[in-house]
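These protein sequence lines are chains A and B, in that order. Start counting the first sequence at 7; every next residue gets the next number (the working numbering). Start counting the second sequence at 41; every next residue gets the next number (the working numbering). Just so it is clear, CB atoms sit at the ideal spot from N, CA and C, and this is done for glycine as well. On a predicted model such as this, the values are computed, not experimentally measured, just so you know.
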Amino acid sequence: MKIVMLGHTGVGKTTYIASLYGIMQQSIEGFRLRAVESDEHKRWINIAERIQQGEYPLGTDRRQEYNFYLRYQGRNILQFSWADYRGGALRETQDSEQAKALLTDLKAADGLILFCDCHALASGDTRSNQIGRMTSLASQALKELDHPLSLAIVLTKTDLLTSFPDDMLKSLGGLIAAINASDLVLGALIPIACSSRLCNVPMPLLFVLYSAVAFEATSAYKEAESHDLRAQSYEKFSQGFAGAVDWVVSKISQEPTYGEMATNEREKAIVKKRLFAEIQKPGLLLHNYVQKLPRIQSSLAETDYIKQLSNIKEGMLENAIASLDPFSIF
Amino acid sequence: MAAEVKITMLGISGSGKTCYMLGLYAVMQLGLQGFTLSTTDMDEDLRLTSLWENLIDNEGEDRWPAPTSEGNTHRYEFDFSYGMKPLISFDWLDYRGGAMQDVSTQEDTQTLNKRLRESNCIFLCISGEHLEEEARDDTELMRNARKAGVNRMNPYITDLAKNLSDRQKPFPIVIVITKYDRCQKRLKDKASREKLIGDIKKIFNTLFMPNQDWLIMLCPVSLGKELGDKDKLNSGKIEPKNLHLPLVFALYAKFRESATTEEARLREAKGRLDTLKSGNWFQRLLSSDDMQGISGSIQSSQAELQDIQKKMALLAQELSNAQIFLGGKEIQVDA
């Protein structure tokens with residue numbers, strides 16, 4: 007599973023990952039986040055702690071890929087990589103290695119997070135947000151899509167605005183229309199703040215992971231069904247006189263009997279059912295969670311989105327990073 | 041049903057063992073991240089609850105529970121649950137701290153040694169008041185360690201080390217720094233906190249040797265920030281911190297040991313099955329009943345192992361930022 011994050015320089019991408027990581031050391035709707043490498047875990051915790059003290063990280067100077075686990079009740083339920091680009095990569099031609107990697111990543115992405123500086127959007131500055139370029143890149147990637155994908159449009163720095171102007175989303179109209187036109191893309195607009203006050207920070211991640219978890223659960227269920235069907239069919243062949251003949255012939259030729267093949271298929275079905283059972287509950291929780299977010303729907307107009315965004319701007323989820331180091335409790 | 045885990049706390053009189061246990065029970069009784077604790081005997085629940093209420097509602101020296109006196113060694117039995125479903129039961133010995141300081145009678149020492157050998161985890165309690173000031177040199181640090189009763193703990197640890205079986209290795213020990221509120225002066229920044237951790241590692245240096253004997257957790261605990269101010273000791277607000285972590289670690293370590301045992305059983309069964317499967321078709325025909333039996337036991341072992349791993353995972357998520365060391369090296373716990 008791959009998440010790709012796009013946004014101009016200074017929009018707050020690295021700050022976002024670190025804040026999110028800090029917050030999700032506590033359970034958010036039962037979910038937690040964990041870096042695959044323990045050194046990375048410590049690094050993100052460090053950055054998150056520094057952000058809380060007003061010390062923001064420097065921007066990314068080249069493509070970085072981070073690997074995380076989404077955990078539910080202490081179990082890793084999904085491993086995903088998160089590609090972070092320096093803002094400048096958006097404006098580079100395909101001669102640049104960064105731009106080539108970006109296009110490849112976009113095509114392989116299972117989740118996209120596009121960052122827009124809300125303050126700039128509200129003042130009508132579409133240029134600094136590179137919305138046109140982000141829309142082109144996203145549309146290009148979505149053209150060849152063959153699996154479900156979630157696309158979160160994250161409006162950062164909402165704490166700098168007192169209210170959202172009605173025409174704030176005008177420049178995002180094209181992208182919203184592209185999302186509505188696709189059967190495989192689930193889109194949402196999410197306002198966040200990553201300053202000393204953290205608002206809605208886990209929402210974009212949980213939203214983009216939703217499609218992947220749902221897809222995995224559906225696949226596991228279908229595979230379990232197909233193994234069960236095969237097991238039933240082998241079992242039929244293993245019965246009666248034909249079954250007895252098959253048993254003798256198979257034993258002599260050291261081939262698996264129909265009975266053994268049926269057992270084998272049943273075991274595979276059990277594995278898939280177990281996987282399904284493990285991700286069914288988190289999948290349902292994510293599903294319910296996603297219903298609360300302002301999703302992009304063809305029936306909604308720009309003014310409807312503005313209303314929804316205003317409703318959750320102040321933090322449908324306001325989180326604080328709890329002290330992570332047991333030695334730093336006071 | 042007998043408790044599955046035995047926990048013993050070692051610490052001199054005044055190190056805060058009884059208060060720690062009271063606070064732990066009060067915090068976990070209400071539930072933390074889905075985990076709850078209850079005494080198997082509901083009268084004990086009442087007793088512990090009223091002692092705790094006395095501590096939070098009253099001011100003055102009387103708020104503190106009386107030290108555990110001679111002949112009053114108390115064994116508590118608890119059920120530890122997740123989402124109201126019991127995960128494991130454990131018993132806890134509240135030992136008279138003075139017994140460690142007195143000139144021990146043969147019987148005293150033997151009783152404690154016996155209990156320690158039966159224990160699945162030991163909490164070594166040192167009071168933060170002995171770590172309050174940064175020691176000027178190692179001599180002063182060791183003098184403070186002596187005051188904290190570390191020299192009295194060492195013979196018990198040595199005896200335990202001598203009697204550790206392979207099955208018990210690495211043996212889990214939590215170094216609980218009680219009254220951590222007293223160390224506030226030393227917690228200015230990360231570097232000062234690391235210096236404090238370094239001091240504790242020096243004090244208990246034998247537990248941080250590069251061998252696989254000990255799985256160590258360092259855990260500061262406090263009943264409240266205000267208690268660090270000597271003038272507010274008898275009136276300060278009670279706001280417990282980290283009290284659940286040592287217990288979570290002890291139970292995690294027990295599950296870890298059970299998982300290792302189950303894995304070994306599984307490997308052995310799989311080996312036997314492979315041997316039977318490698319025979320010719322006639323031998324396989326003759327041993328088909330045995331093979332079926334082993335397959336059944338493999339399946340039940342796998343189910344058991346999965347169940348243990350699920351419980352370990354639940355506990356491990358609480359320990360993701362804890363200071364845990366194996367063979368002297370810091371490690372991350374995971375399911």
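Next item on the list: For R77 (chain A), return the contacting residues in chain B, with the cut-off set at a CB-CB distance below 9 Å.
Entry: Counting from one through the first sequence, the residue named residue 77 (chain A) turns up at place 71. Under the 9 Å cutoff, chain B gives A353, Q357.
Item checked: Identity of the residue in A:T20, A:N82, A:M174, A:S142 nearest W88 (chain A) by Cα -> For the purposes of this step, residue 88 (chain A) is taken as the residue at position 82 of the first sequence. Looking at the Cα atoms, A:T20 is the closest of the given residues.
Notebook entry, point to check: For a contact meaning CB atoms closer than 9 Å, what does P171 (chain A) contact in chain B?
Noted result: Stepping through the first sequence from its first residue, residue 171 (chain A) is reached at position 165. Residues of chain B passing the Cβ test: none, with the nearest at roughly 42 Å.
Item checked: Cβ of R233 (chain B) within 7 Å of any chain A Cβ -> Taking the first residue of the second sequence as position 1, residue 233 (chain B) is located at position 193. Judged by the 7 Å Cβ criterion, R233 (chain B) is in contact with chain A.
Check: How many angstroms separate the CA atom of G13 (chain A) from the CA atom of L108 (chain A)?
Finding: In the first sequence, residue 13 (chain A) corresponds to position 7, counting from 1. In the first sequence, residue 108 (chain A) corresponds to position 102, counting from 1. In a straight line, the C-alpha of G13 (chain A) is about 12 Å away from that of L108 (chain A).
Next item on the list: Starting from the beta carbon of P332 (chain A), find every residue of chain B whose beta carbon is closer than 8 Å, and list them in chain order.
Entry: As a working mapping, residue 332 (chain A) is identified with position 326 in the first sequence. Residues of chain B passing the Cβ test: C259, P260, N282, L285, N361, A362, Q363.
Check: For chain B, is any of its Cβ atoms less than 7 Å away from the one on R68 (chain A)?
Finding: Within the first sequence, numbered from 1, the residue matching residue 68 (chain A) stands at position 62. Output row for R68 (chain A): interface = no.
Check: On the three-pair Cβ rule with 8 Å, is the stretch 338-349 of chain B touching the stretch 320-329 of chain B?
Finding: no
Checklist line | Any beta strand (DSSP E) of 3 or more consecutive residues that is wholly inside the stretch 211-299 of chain B | finding: 211-218, 254-260
Check: When you compare each of A:K242, A:L235, A:P210 to I34 (chain A) by their alpha carbons, which one comes out closest?
Finding: Along the first sequence, one-based indexing puts residue 34 (chain A) at 28. Out of A:K242, A:L235, A:P210, A:P210 has the C-alpha closest to the C-alpha of I34 (chain A).
Notebook entry, point to check: Which one of B:D81, B:T48, B:M61, B:G100 has the shortest CA to CA distance from K272 (chain B)?
Noted result: As a first step, residue 272 (chain B) is located in the second sequence; it is residue number 232 there, counting from the start. For K272 (chain B), the nearest C-alpha among the options comes from B:G100.
Note to self: I need the boundaries of the alpha helix (DSSP H) containing H125 (chain A), first residue and last residue.
What the structure shows: Within the first sequence, numbered from 1, the residue matching residue 125 (chain A) stands at position 119. Segment 124-128, the alpha helix (DSSP H) holding H125 (chain A).
Next item on the list: State yes or no: is the C-beta of T48 (chain B) within less than 7 Å of the C-beta of L133 (chain B)?
Entry: Residue numbering aside, residue 48 (chain B) sits at position 8 when the second sequence is read from its first letter. Residue numbering aside, residue 133 (chain B) sits at position 93 when the second sequence is read from its first letter. For T48 (chain B) and L133 (chain B), yes; Cβs fall inside 7 Å.
Checklist line | Contact residues within the stretch 58-77 of chain B, judged by C-beta distance below 9 Å to chain A | finding: Q73, G74
Check: Is the CB of Q342 (chain B) under 7 Å away from at least one CB in chain A?
Finding: What you label residue 342 (chain B) is simply residue 302 of the second sequence in a count that begins at 1. By this cut-off, Q342 (chain B) is not an interface position.
Notebook entry, point to check: Can you pull the DSSP bridge partners for A41 (chain A)?
Noted result: Taking the first sequence and counting its residues from 1, one reaches residue 41 (chain A) at position 35. Answer is A:F74, bridged to A41 (chain A).
Next item on the list: Following the continuous alpha helix (DSSP H) through T179 (chain B), name the residue where it begins and the one where it ends.
Entry: Indexing the second sequence from 1 puts residue 179 (chain B) at position 139. Residues 178-187.
Margin query: Could you check whether the Cβ of S53 (chain B) sits closer than 6 Å to any heavy atom belonging to the ligand ADP?
Written below: For the ligand ADP, the structure offers nothing, since it holds no ligand at all.
Notebook entry, point to check: Given a threshold of 16 other Cβ atoms within 10 Å of its Cβ, counted over all protein chains shown, does G63 (chain B) qualify as buried or as exposed?
Noted result: Here residue 63 (chain B) refers to the residue found at position 23 of the second sequence. Buried.
Notebook entry, point to check: Span of the beta strand (DSSP E) holding N135 (chain A)?
Noted result: On the first sequence, position 129 is the one that residue 135 (chain A) refers to. Looking at the DSSP string, N135 (chain A) is not in any beta strand (DSSP E), and its letter there is neither H nor E.
Next item on the list: From the DSSP output, in three-state form, read off K350 (chain B) for me.
Entry: Position 310 of the second sequence, counted from the start, is the residue given in the question as residue 350 (chain B). In this structure, K350 (chain B) counts as helix in the three-state DSSP scheme.
Note to self: Are the CB atoms of M352 (chain B) and F289 (chain B) within a distance shorter than 7 Å?
What the structure shows: For this step, residue 289 (chain B) is matched to residue 249 along the second sequence. For this step, residue 352 (chain B) is matched to residue 312 along the second sequence. No, these two residues do not count as a Cβ contact at 7 Å.
Note to self: Assess contact between the stretch 218-238 of chain A and the stretch 283-292 of chain A, defined as three or more Cβ pairs (one per stretch) separated by less than 8 Å. Is contact present?
What the structure shows: yes
Notebook entry, point to check: Is the CB of S102 (chain A) under 7 Å away from at least one CB in chain B?
Noted result: By 1-based counting over the first sequence, the position of residue 102 (chain A) is 96. No, S102 (chain A) lies away from the interface with chain B (no Cβ there is under 7 Å from its Cβ).
Next item on the list: Name, going along the chain, the residues of the stretch 247-264 of chain A whose beta-carbon falls closer than 8 Å to a beta-carbon of chain B.
Entry: K257, I258, Q260
Checklist line | F247 (chain A) burial status per 10 Å Cβ neighbour count (16 or more: buried) | finding: By one-based count along the first sequence, residue 247 (chain A) stands at place 241. With fewer than 16 Cβ atoms within 10 Å of its Cβ, F247 (chain A) is classed as exposed.
Next item on the list: Please compile the residues from chain A whose C-beta is within a distance smaller than 8 Å of the C-beta of Q372 (chain B).
Entry: The residue you call residue 372 (chain B) lines up with position 332 of the second sequence. Under the 8 Å cutoff, chain A gives S44, H47.
Margin query: For I53 (chain A), which residues in the same chain have their Cβ closer than 6 Å to its Cβ, ignoring the five residues on either side in sequence?
Written below: As a first step, residue 53 (chain A) is located in the first sequence; it is residue number 47 there, counting from the start. A24, P63.
Checklist line | One or two residues paired with Y116 (chain B) in a DSSP bridge | finding: For the purposes of this step, residue 116 (chain B) is taken as residue 76 along the second sequence, with counting starting at 1. DSSP, once it has assigned bridges, lists B:W132 as partnering Y116 (chain B).
Item checked: V129 (chain A) versus Q59 (chain A) - alpha carbon distance -> Residue numbering aside, residue 129 (chain A) sits at position 123 when the first sequence is read from its first letter. Residue numbering aside, residue 59 (chain A) sits at position 53 when the first sequence is read from its first letter. In the sequence as displayed, the identity of residue 129 (chain A) is Ser instead of Val. Taking the straight line from one Cα to the other gives about 29 Å.
Margin query: If I measure Cβ to Cβ from A201 (chain B) and keep anything under 6 Å in the same chain, skipping five residues before and after, which residues do I get?
Written below: Here residue 201 (chain B) corresponds to residue number 161 of the second sequence, with the count starting at 1. Here the set comprises nothing.
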